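In what follows, a single structure is set out as structure tokens and then discussed.
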Amino acid sequence: MNKSIVAALSVVMTACNLSNGSVDDLPLVYDRENSADTFPVIDLPPFDSLPVVRHLPDPFLWADGSGRSVDFNDWERHRSEILQRLWHYETGVKPVASPDSIDARIMADTLFVDVHERGEVLTLKSPIRYPEGEGPFPLVIGMGFPTGSLPEELFLDNGIAVMPFVFPQVMSHTQIRGEEPINRLYPENTDIGAYSAWPWGVSRLIDALEKIGDESRIDLTHIAVTGCSFAGKMALFSGAMDERITLTIAQEPGGGGVNAWRVSETLGNVERVHNTNYAWFLESMKQFGDTNVSLLPVDHHEVAALIAPRALLLLGNTDYEWLADESGYVSANAAREVWKTFGIASRMGYSIEGNHMHCQLPESQYPEVEAFVKRYLLGIDSIDTNVTRAPMFADVNWRKWTPWVQSED
């Protein structure tokens, strides 16, 4: 286990109810895929027993009704409860793969991963492009492409290796349930949505890098994920479900990504529960469509918050109504309250900008992306990552959705 992580975790064990004045002493990365997997199973009521919650759910509220806690020591338990709701009501449970089920090798700068389960083998492969030098190098895993839809020079020119997650190797964009590659390993889980299946695949790439060790020339404490549009959601869910990912950059993820279902339901021609792509989610989530959205026990400010205390940058684009960036703005601010509560608000930022093509990063957002990359992948702590830019939504009252918010700034 990396010594810096051990030191950070020892701080976490004694930290309590941190104020906004305490920064950078909470871990930016963990050495486990999911540190929240040891907590008890919570009650997950059936649809007809769910209470109406019209505002965005409080991420600090306990599932058993015993109150709320903003103590950082309790955050992993909160993460466990949010994940359980997310998996049960939206995406299906992300499968677990034991380290013993993974074989890994690198040949000609290509990573090969064999995942063994019940006599079946699923092979993933991803080429790695390295910058000049010996390494070890930070790494960005792009959804579909080596750097998602972000310019490669933002990474390679900064000494960061790049690698695609070739998602059809796990599940196609338009999945046919029971016929996808991952279904061979877990035939009992054919109901899961792509947003649990794809993060599973990203996690297996990280497993393989861990198994290979120094031969990979990758710094396992500085891994990022990024993607745009449906792949922006893919990056967001991957970062939310694997704590070995230091930085998540979700570009124009739209509905089903950072956008809150409840807020989107009040907007126009946007992606909502009733009209999203159900290859990505459980078919049973359809029951929360239209006015039933207030029965959903989880919302997507909590998906973003699952990444805390690690780093997250959200990028929006107001030129496309379908992306519903007003909903993303509300949800991003609600999620950011988690980082603010722990005194690490600079680890979570958002930038919403129009006048550019979908998935084409405008020059005005280059400095914001580069700031997050340099601070959280290269460790340049002096760089300012306080990014909350969405001037077009200055008059939107996001607080009306979050009566549980304590801060005033």
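Using the numbering used here, read the sequence shown as starting at 56 and increasing by one per residue. Just so it is clear, CB atoms sit at the ideal spot from N, CA and C, and this is done for glycine as well. No experiment lies behind these values; they were computed from the predicted model shown.
For residue i, list the residues DSSP reports as bridge partners.
i, result
"M198", "F220"
"R444", "S406"
"I261", "Paired residues: none, contrary to the question."
"D158", "D169"
"R123", "L116"
"Q306", "C283 and L370"
"F192", "I273"
If we ignore side chains and look at the alpha-carbon of each, how far apart do residue i and residue j end up?
i, j, result
"F54", "Y185", "Residue 54 is absent from the structure shown; the chain starts at 56 and stops at 464."
"M218", "L275", "14 Å"
"S419", "E408", "8 Å"
"A387", "P100", "27 Å"
"R232", "D246", "7 Å"
"G434", "N441", "16 Å"
"S271", "N89", "23 Å"
"S406", "V107", "32 Å"
"L83", "D212", "23 Å"
"M162", "A216", "16 Å"
"N452", "F200", "37 Å"
"D450", "A305", "24 Å"
"A279", "D103", "40 Å"
"T178", "L209", "30 Å"
"M296", "E326", "23 Å"
"V66", "D155", "Caution is warranted here: a pLDDT of 32 is assigned to V66, below 50, making its placement in the model unreliable, and the coordinate value is therefore given only provisionally. Cα-Cα distance, rounded: 31 Å."
"E307", "G404", "14 Å"
"F448", "N324", "18 Å"
"A62", "R132", "Residue placement at A62 is flagged as unreliable, the pLDDT there being 32, under the threshold of 50; a coordinate-derived value is accordingly withheld."
"A363", "V393", "7 Å"
"H110", "E425", "34 Å"
"L378", "R454", "21 Å"
"D374", "T281", "21 Å"
"L337", "F343", "11 Å"
Just to check my reading of the structure: residue i and residue j have Cβ atoms closer than 8 Å, yes? What is that Cβ distance to the nearest angstrom?
i, j, result
"V318", "W456", "6 Å"
"Y241", "P150", "5 Å"
"A263", "V358", "Incorrect: roughly 26 Å between the Cβ atoms, too far for contact."
"P254", "F292", "5 Å"
"A286", "G203", "6 Å"
"S382", "N314", "4 Å"
How far does the beta strand (DSSP E) with residue i in it extend, from its first residue to its last?
i, result
"L175", "Checking the sequence shown, residue 175 turns out to be Glu, not Leu. It spans E175 to P182 - the beta strand (DSSP E) in which E175 sits, taken as one unbroken run."
"Y405", "M403 to I407"
"T396", "Taken as a continuous stretch (DSSP letters only), T396 belongs to no beta strand (DSSP E), being part of the alpha helix (DSSP H) at D380 to T396."
"V168", "T165 to E172"
"G371", "A366 to G371"
"G282", "I273 to C283"
"I137", "Here I137 belongs to no beta strand (DSSP E); instead the alpha helix (DSSP H) covers W130 to L141."
Looking at residue i: is its Cβ nearer than 8 Å to the Cβ of residue j?
i, j, result
"M340", "Y85", "no"
"Q139", "V96", "yes"
"I267", "A159", "yes"
"L302", "L194", "no"
"L105", "P446", "no"
"N244", "G147", "yes"
"F220", "G197", "yes"
"F127", "F427", "no"
"L205", "L416", "yes"
Between which two residues does the alpha helix (DSSP H) carrying residue i extend?
i, result
"P82", "That residue, P82, is in no alpha helix (DSSP H); it is neither H nor E in DSSP."
"H355", "H355 to A360"
"E208", "E208 to L211"
"F427", "Y421 to Y431"
"W316", "W316 to S319"
For residue i, is the beta carbon positioned less than 7 Å from some heavy atom of the ligand NAD?
i, result
"D297", "You won't find the ligand NAD in this model; it holds no ligand whatsoever."
Using a Cβ-Cβ distance cut-off of 8 Å, determine whether residue i contacts chain D.
i, result
"Y333", "Judged by its chain identifiers, the structure shown contains no chain D, having just a single protein chain."
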